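First comes the structure, then the notes that go with it.
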Amino acid sequence: MPELSRRRALGAAAALAAGAAGAQALPAPAASAADHHHGSPAPFDEVYRGRRIEGRPASGGGHHHGGGYAVFVDGVELHVMQNADGTWISVVSHYDPVATPRAAARAAVDELQGARLLPFPAN
1283 MPELSRRRAL
1293 GAAAALAAGA
1303 AGAQALPAPA
1313 ASAADHHHGS
1323 PAPFDEVYRG
1333 RRIEGRPASG
1343 GGHHHGGGYA
1353 VFVDGVELHV
1363 MQNADGTWIS
1373 VVSHYDPVAT
1383 PRAAARAAVD
1393 ELQGARLLPF
1403 PAN
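Sequential numbering from 1283 applies to the sequence shown in our numbering.
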């Protein structure tokens, strides 16, 4: 069973409160969470399937093709890249584009199936 993050607990509580008030609970559009500062995706930090995934604007250095956005799985950088159509891919799930860097991190965790992510050497 996946661990319950603070974000999921708050989301569930908000959905229950909205349902109790007679409002229909609808999921928030992904684009609103993804549009952050200057079109950059919003930062995230959560535990997904027992692995800590993080994403944030990159702070210089490194080899970033993700519009200056860095993603980490258990503290190891996951090389991500944003495609021309706005989708994201990672070195782990290169042929499965997703809508956000968070989705790319989750797809990588799924693909790793418990294996450790090794650092990607950048030239």
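Virtual Cβ for every residue (Gly too), placed ideally from N, Cα, C. Predicted model only: the values in this text are computed from it and were never measured.
Requested in this report: For G1321, name the three-state secondary structure that DSSP assigns.
Outcome: For the purposes of this step, residue 1321 is taken as residue 39 along the sequence shown, with counting starting at 1. In the three-state scheme derived from DSSP, where H, G and I count as helix and E and B as strand, G1321 is classed as helix.
Query - N1409 versus I1335, Y1330, P1379, A1352, residue with shortest Cα-Cα distance - result: Lying before the first or after the last residue shown, residue 1409 is absent from the chain, which here runs from 1283 to 1405.
**Report entry** For L1400, the three-state DSSP class (helix, strand or coil)
**Finding:** By one-based count along the sequence shown, residue 1400 stands at place 118. In the structure shown, the three-state DSSP call for L1400 is coil.
Report task. Have a look at A1385, G1321, E1393, L1360 and flag the residue whose alpha-carbon is nearest the alpha-carbon of P1403. Result -> Position 121 of the sequence shown, counted from the first residue, corresponds to residue 1403. Comparing alpha carbon positions, the residue from A1385, G1321, E1393, L1360 closest to P1403 is L1360.
Query raised in the report: Taking Cβ to Cβ, would you say V1374 is nearer than 7 Å to Y1330?
Result: Reading the sequence shown from its first residue, position 92 is the one you call residue 1374. Reading the sequence shown from its first residue, position 48 is the one you call residue 1330. Inclusion of V1374 and Y1330 in the CB contact set at 7 Å is not warranted, their separation being larger than that value.
Requested in this report: Return yes when the Cβ of V1358 is within less than 7 Å of the Cβ of P1401, no when it is not.
Outcome: Looking up residue 1401 in the sequence shown gives position 119. Looking up residue 1358 in the sequence shown gives position 76. Yes. Within cutoff.
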